[in-house]
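Working notes, beginning with the structure itself.
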Amino acid sequence: MSDLIRLSAAELGAKLASGEVSSVEATRAHLDRIAAVDGAVHAFLHVNEAALDAASDIDRRRAAGEELGPLAGVPIAIKDVLVTTGMPSTSGSRILEGWIPPYDATPVRKVREAGMVPLGKTNMDEFAMGSSTEHSAYGPTHNPWDLDRIPGGSGGGSAAAVAAFEAPIALGSDTGGSIRQPAHVTGTVGVKPTYGGVSRYGSIALASSLDQVGPVSRTVLDSALLHDVIAGHDPLDSTSISDPWPSMAEAVRRADVSGLRIGVVKELDTDGFQAGVRSRFHEALELLERNGAEIVEVSTPNFEYAVAAYYLIMPAEASSNLAKFDSVRFGLRVTPEGGGTVEQVMAATREAGFGPEVKRRVILGTYALSAGYYDAYYGSAQKVRTLVQRDFDAAFANVDVLATPTAPTTAFRLGEKLDDPLAMYLNDVATIPANLAGVPGISLPAGLAPEDGLPVGIQFLAPAREDARLYNVGGALEALLVDRWGGPLLNQAPDLSTHELKATEEGVV
Amino acid sequence: MSEISAEQVAHLANLARIALTDEEIQHLTTELGQIMQAVEKVSEVATPDVPPTSHPIPLRNVMRDDVVGDTVLTTEQALAGAPEHDDTRFVVSAILGEEQ
Chain A
1 MSDLIRLSAA ELGAKLASGE VSSVEATRAH LDRIAAVDGA VHAFLHVNEA
51 ALDAASDIDR RRAAGEELGP LAGVPIAIKD VLVTTGMPST SGSRILEGWI
101 PPYDATPVRK VREAGMVPLG KTNMDEFAMG SSTEHSAYGP THNPWDLDRI
151 PGGSGGGSAA AVAAFEAPIA LGSDTGGSIR QPAHVTGTVG VKPTYGGVSR
201 YGSIALASSL DQVGPVSRTV LDSALLHDVI AGHDPLDSTS ISDPWPSMAE
251 AVRRADVSGL RIGVVKELDT DGFQAGVRSR FHEALELLER NGAEIVEVST
301 PNFEYAVAAY YLIMPAEASS NLAKFDSVRF GLRVTPEGGG TVEQVMAATR
351 EAGFGPEVKR RVILGTYALS AGYYDAYYGS AQKVRTLVQR DFDAAFANVD
401 VLATPTAPTT AFRLGEKLDD PLAMYLNDVA TIPANLAGVP GISLPAGLAP
451 EDGLPVGIQF LAPAREDARL YNVGGALEAL LVDRWGGPLL NQAPDLSTHE
501 LKATEEGVV
Chain B
1 MSEISAEQVA HLANLARIAL TDEEIQHLTT ELGQIMQAVE KVSEVATPDV
51 PPTSHPIPLR NVMRDDVVGD TVLTTEQALA GAPEHDDTRF VVSAILGEEQ
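In structure tokens form, the structure reads like this:
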């Protein structure tokens, strides 16, 4: 394996800046890695043919003495939920197969302007609906720690790409945990910023009041550097926050938990979580405590209702957002035998173009919004949203950040929960409250569960606009843990080279 | 409240413009009943005194002058991904059926 692909984005950026490595070399090393292992991992839906051209352009600009940012020339993988010029954007759905958008999503524009090199588009559950990537229309992604297991979802492709060293860093999106839960099961880092912190312009919407784009990486500093690139006000997103943001990278570099008050959410520290998930969680807290943090128990009684509220609000918003897939302006068109009216064409197209989970949620959302049920379902869910926010407000009156395990279990086997939607939905029990309240969250590796040797994540949550606190506590904990492990957790991941020839055939686009 | 019939699912599918098969309708009828039973839990705490929240971060509506912006697509760009067009417009099949 080339040493270049083992570098963090920050390390690679420094070598690029010093001229020790060119962006063409770095990009080629990652493209070679993708060619070698992605048949088995299937993190990518599309590999960018223009990557080397973009890399050589950056090399030229650097040679000409242009002032470039810390991530210039660093390759990046992009979740297929973000629209991109020059690359198909499907959001994991058959209904958008082959669609090449006429504009870039704002976070994509920003990473291109920072000189980063898009490697391609990563796999995801269709329209980000899922926790395993098994709902992708193009076949699942496989977890690099164990190819028979799920990489999390919906952003399993981005998480698996960085865990398998196919990309140093990636973009994700998080509606109920789609950045943080994949980070948990793949031993990587993922951050959901404050709602409105990163523009949603060009992010194919699942649930507009919950969606947030964020970084996916192997180190906390890398997520911070990417966060600094993509954050900021965007007039093209009416929910974009106009306040300026402090440097997240600076928060990592100055990480110090002495005097930090960390609240442990009692309701998310129960027997409902796998033993190894809980033991690694508590070890991480003890480590923080020994280094000056104060650990306090907090109660958030309404979190119990968060999953139920989420599975009303999200499908309701999704059923409305997905109405745009009408076979008129983009994507698939299926005409019924013998022709039909525009409505019949629309219905035939959506029947053929949407997978089972999308149909399930669109019908569920249509039901929750229908006359006579609106107050009982959608209206009640919005009230729970208020209660969850109040729980956060009360907790943050006493502590600086909250801590929970990121998800109840380590990576389960592909297929294990596919036929049980309710069991699948419970994967998000610890991540959903942050989306309902708009607050930021991070998941970073806490170790391996002793019972199965699979990665476990720890989640921290901060008040809205206080994303820098996550990078402070995350950066400090990561340094302590890497010191204890004698290197990054991913050093313990199996070598994928033995799988290189075992290319899976399904679904590679 | 969570009793959902196959007729209701068929009606919802029609509203959502998805031509579900009979088999899909049967399957979804069972699943929706189970899911609604689970999510009905929200009514336990959603009492009249709790105000609803539609948006996580308090925001004011954003307005701008009603003039052509600088990020508009050209006609060619707008039509580029369409299943059918005549170079100036999207083309769709008949809006009304024969009986209408």
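Chains as they are written, first to last, in UniProt numbering: chain A, 1 to 509; chain B, 1 to 100. Ideal placement from N, C-alpha and C gives every residue a C-beta, glycine not left out.
- Query: Which of helix, strand or coil does DSSP assign to Thr122(A)?
  - Reply: Reduced to three states, the DSSP call for Thr122(A) is strand.
- Query: In the region 164 to 187 of chain A, which residues sit with their C-beta less than 7 Å from some C-beta in chain B, listed in chain order?
  - Reply: Per Cβ criterion, the list is empty.
- Query: Closer than 7 Å, Cβ to any Cβ of chain A: which residues of the region 2 to 15 of chain B, in chain order?
  - Reply: Here the close residues are Val9, Leu12, Ala13 and Leu15.
- Message: Measuring straight from C-alpha to C-alpha, what distance separates residue 533(A) and Phe460(A)?
- Response: There is no way to answer for residue 533(A), as the model of chain A reaches only from 1 to 509.
- State the Cα-Cα distance for the pair Gly196(A) and Ala207(A), rounded to the nearest angstrom. Going from the Cα of Gly196(A) to the Cα of Ala207(A) covers about 13 Å.
- From the DSSP output, which residues share a beta bridge with Asn14(B)? Its beta-bridge partners do not exist; DSSP assigns none.
- Task: Decide if Arg413(A) is buried, meaning its Cβ has at least 16 other Cβ atoms within 10 Å, or exposed.
- Result: A residue is called buried once 16 or more other Cβ atoms fall within 10 Å of its Cβ, and Arg413(A), having fewer, is exposed.
- Query: Beta carbon of Asp222(A), beta carbon of Ala462(A): below 8 Å?
  - Reply: No. Outside cutoff.
- With DSSP run on the structure shown, which of helix, strand or coil describes residue 515(A)? Because residue 515(A) is not part of the residues shown, which for chain A are 1 to 509, the question remains open.
- Message: I need the DSSP call for Leu287(A), collapsed to helix, strand or coil.
- Response: Three-state DSSP puts Leu287(A) in a helix.
- Task: With DSSP collapsed to three states, give me the class of Arg465(A).
- Result: Per DSSP, reduced to three states, the secondary structure at Arg465(A) is coil, with no helix or strand assignment.
- Using DSSP bridges, identify the partner residues of Leu448(A). In the DSSP output, where bridge partners are listed per residue, Leu448(A) has Pro455(A).
- When you compare only the Cα positions, how much space is there between residue 538(A) and Arg385(A)? What the structure shows of chain A is the stretch from 1 to 509, and residue 538(A) is not part of that stretch, so it cannot be assessed.
- Item | chain A contact residues for Glu23(B), given Cβ-Cβ distances below 8 Å | In chain order: nothing, as chain A lies at least about 11 Å away.
- Nearest candidate by alpha-carbon position, reference Ser370(A), set Leu422(A), Glu317(A), His142(A) and Leu402(A): Comparing Cα positions, the closest option is Glu317(A).
- Message: Just verifying my parser: in three-state terms, what is the DSSP assignment at Pro356(A)?
- Response: Here Pro356(A) sits in helix by DSSP.
- Item | Meets three-Cβ-pair contact criterion under 8 Å: the region 303 to 319 of chain A and the region 355 to 375 of chain A | A contact between stretches requires three or more CB pairs, one per stretch, nearer than 8 Å, and the region 303 to 319 of chain A meets this requirement with the region 355 to 375 of chain A.
- Query: For the putative contact between Val47(A) and Ile34(A), defined by C-beta atoms under 8 Å, what is the C-beta separation to the nearest angstrom?
  - Reply: Contact between Val47(A) and Ile34(A) holds: CB atoms are separated by about 6 Å, below the 8 Å threshold.
- Just to confirm, are Pro408(A) and Phe273(A) a CB contact at a threshold of 8 Å? Between Pro408(A) and Phe273(A), the CB-CB gap stays under 8 Å.
- Message: Rounding to the nearest angstrom, what Cα-Cα distance links Gly39(A) and Tyr138(A) in this structure?
- Response: Rounded to whole angstroms, Gly39(A) to Tyr138(A) spans 13 Å at the Cα level.
- Message: Which residue wins for smallest C-alpha separation from Gly214(A), given the options Ser89(A), Val108(A), Ala446(A) and Asn123(A)?
- Response: Minimum Cα-Cα distance from Gly214(A) among the listed residues Ser89(A), Val108(A), Ala446(A) and Asn123(A) corresponds to Val108(A).
- Message: Please return the same chain residues whose Cβ sits closer than 8 Å to the Cβ of Val296(A), not counting the five positions on each side in sequence.
- Response: A distance below 8 Å between beta-carbons, with the five flanking residues on each side excluded, links Val296(A) to the following residues of its chain, in chain order: Arg261, Ile262, Gly263, Val264, Asn398 and Val399.
- Item | Interface positions of the region 22 to 41 of chain B facing chain A (Cβ-Cβ less than 8 Å), listed along the chain | Those residues of the region 22 to 41 of chain B that come within reach of chain A (Cβ to Cβ, closer than 8 Å) are Glu24, Leu28, Glu31, Leu32, Gln34, Ile35, Met36, Ala38, Val39, Glu40 and Lys41.
- Query: Among the residues of its own chain, which have a CB less than 8 Å from the CB of Gly355(A), if the five just before and after it don't count?
  - Reply: Contacts found: Ser93, Arg94, Glu126, His135 and Ala137.
- Check the Cβ-Cβ distances between Trp99(A) and every residue of chain B, and say whether any is below 8 Å. Judged by the 8 Å Cβ criterion, Trp99(A) is in contact with chain B.
- Sorted by chain position, which residues of the same chain lie with C-beta nearer than 8 Å to Val229(A)'s C-beta, five sequence neighbours on each side aside? Correct list, in chain order: Gly69, Leu71, Lys110, Val111, Ala114 and Met116.
- Where Val67(B) falls: helix, strand or coil (DSSP): Residue state, collapsed to three classes: coil.
- Message: Quick check on this structure: which residue in Ser258(A), Ala128(A), Leu82(A) and Ala64(A) has the alpha carbon closest to the alpha carbon of Gly120(A)?
- Response: Among Ser258(A), Ala128(A), Leu82(A) and Ala64(A), the Cα nearest to that of Gly120(A) belongs to Leu82(A).
- Is the beta carbon of Ile100(A) less than 8 Å from the beta carbon of Pro88(A)? For Ile100(A) and Pro88(A), yes; Cβs fall inside 8 Å.
- Runs of beta strand (DSSP E) wholly within the region 292 to 329 of chain A (minimum 3 residues, chain order): Runs found: 294 to 298.
- Verify the CB distance criterion: does Pro193(A) have a CB-CB separation below 8 Å to chain B? Answer no: the Cβ-Cβ gap between Pro193(A) and chain B never drops below 8 Å.
- Query: Would you say Val92(B) faces chain A, with C-beta separation under 8 Å as the test?
  - Reply: Cβ-Cβ to chain A under 8 Å: yes for Val92(B).
- Message: Could you check whether the region 434 to 447 of chain A touches the region 177 to 184 of chain A, counting it as contact only if at least three pairs of C-beta atoms, one from each stretch, sit closer than 8 Å?
- Response: Short answer: they touch.
- Task: Under 8 Å between beta-carbons, which chain B residues line up against Tyr311(A)? List them in chain order, please.
- Result: Simply Ile35, Ala38 and Val39.
- Message: Any C-beta of chain B within less than 9 Å: which residues of the region 340 to 354 of chain A qualify?
- Response: So the list reads Gly340, Thr341, Val342, Glu343, Gln344, Val345, Met346, Ala347, Ala348, Thr349, Arg350, Glu351, Ala352 and Phe354, given in the order they occur along the chain.
- Could you give the C-beta distance for Lys192(A) and Thr122(A), rounded to a whole number, given that I count them as a contact under 8 Å? About 17 Å; that fails the 8 Å criterion.
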